[in-house]
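Peer 1:
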Amino acid sequence: MDYFGSVLIGLMVLFSVIVHPAGLGVSLLVVSLLCCLIVAVELQVWFSLVVFIIYIGGILVMFGYMTAMTPNFGGKGVVSVWSGLSVGLVVFLVGGFGSSGTSGVSLLEPEKNGSQVLEEVSFSILICYGGFLLMALLVVAMLCHYYKAPLRPFL
Numbered sequence: 001m002d003y004f005g006s007v008l009i010g011l012m013v014l015f016s017v018i019v020h021p022a023g024l025g026v027s028l029l030v031v032s033l034l035c036c037l038i039v040a041v042e043l044q045v046w047f048s049l050v051v052f053i054i055y056i057g058g059i060l061v062m063f064g065y066m067t068a069m070t071p072n073f074g075g076k077g078v079v080s081v082w083s084g085l086s087v088g089l090v091v092f093l094v095g096g097f098g099s100s101g102t103s104g105v106s107l108l109e110p111e112k113n114g115s116q117v118l119e120e121v122s123f124s125i126l127i128c129y130g131g132f133l134l135m136a137l138l139v140v141a142m143l144c145h146y147y148k149a150p151l152r153p154f155l
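Sequential numbering of the sequence shown, starting at 1, is according to UniProt numbering.
Written out as structure tokens, the structure is:
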């Protein structure tokens, strides 16, 4: 579970250096998949499935908006991608060694229902989801702030 968290943080760090909408969409998809895997392990599978379907819908809308509003890139930002990958690798390596291996939630609880979604333990996960969606919104707004953007006819 700790490796999921460190990979998740590393991919979130990469959001600040990705300049192309396709790379941002793929990294956002991987981050949402990791978030849903963490929720599936910690809470219930149905809740993570619903959250993943909502994320996929949001990603499709944001990707369509970004591809319509951003200009075509010709390979710019290669240095920033490599620096972001190196930062993500460092976060992944450091994040895996600093934990004790214990979790606050037992995975062997036989009875779990929908009321546990708003408990104190899982409420922080919901706050993290809200922060993640806010950060994705801000990244999309920052990427789409170009003056010479082609308006593609498919939207």
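In this text, a Cβ means the ideal position worked out from N, Cα and C, and glycines have one as well.
On a predicted model such as this, the values are computed, not experimentally measured, just so you know.
Whole angstroms are fine: how far does the CA of S124 sit from the CA of S27?
Peer 2: Here residue 27 is taken as the residue at index 27 of the sequence shown, counted from 1. Here residue 124 is taken as the residue at index 124 of the sequence shown, counted from 1. If I take the Cα positions, the gap works out to 23 Å.
Peer 1: Using a Cβ-Cβ cutoff of less than 6 Å, which residues in the same chain neighbour S32 once the five nearest sequence positions on both sides are dropped?
Peer 2: Taking the sequence shown and counting its residues from 1, one reaches residue 32 at position 32. Once the five neighbours on either side are set aside, the close Cβ partners of S32 are Y55.
Peer 1: At 3 residues or longer, and completely inside the stretch 6-50: list those beta strand (DSSP E) runs for me, N to C.
Peer 2: Those beta strand (DSSP E) runs which fall completely within the stretch 6-50 and span 3+ residues do not exist here.
Peer 1: Spatial neighbours of Y129 within its chain, please: C-beta separation below 8 Å, excluding the five flanking residues on both sides.
Peer 2: For this step, residue 129 is matched to residue 129 along the sequence shown. Answer for Y129: C35, V51, listed in chain order.
Peer 1: For V139 versus L29, is the C-beta distance shorter than 8 Å?
Peer 2: Within the sequence shown, residue 139 is the residue found at index 139, counting from 1. Within the sequence shown, residue 29 is the residue found at index 29, counting from 1. For V139 and L29, no; Cβs fall outside 8 Å.
Peer 1: So, under 8 Å CB-CB, V41 and F47 are touching, yes? Tell me the CB distance rounded to an integer number of Å.
Peer 2: For the purposes of this step, residue 41 is taken as residue 41 along the sequence shown, with counting starting at 1. For the purposes of this step, residue 47 is taken as residue 47 along the sequence shown, with counting starting at 1. At roughly 12 Å, the Cβ-Cβ gap does not stay under 8 Å, so V41 and F47 are not in contact.
Peer 1: Taking only the alpha-carbon atoms, compute the straight-line gap between L37 and L49 and give it to the nearest angstrom.
Peer 2: By one-based count along the sequence shown, residue 37 stands at place 37. By one-based count along the sequence shown, residue 49 stands at place 49. Going from the Cα of L37 to the Cα of L49 covers about 9 Å.
Peer 1: Around the Cβ of I53, are there at least 16 other Cβ atoms within 10 angstroms (buried) or fewer (exposed)?
Peer 2: Counting from 1 along the sequence shown, the entry for residue 53 is found at position 53. Classification of I53: exposed, given that the 10 Å Cβ count is below 16.
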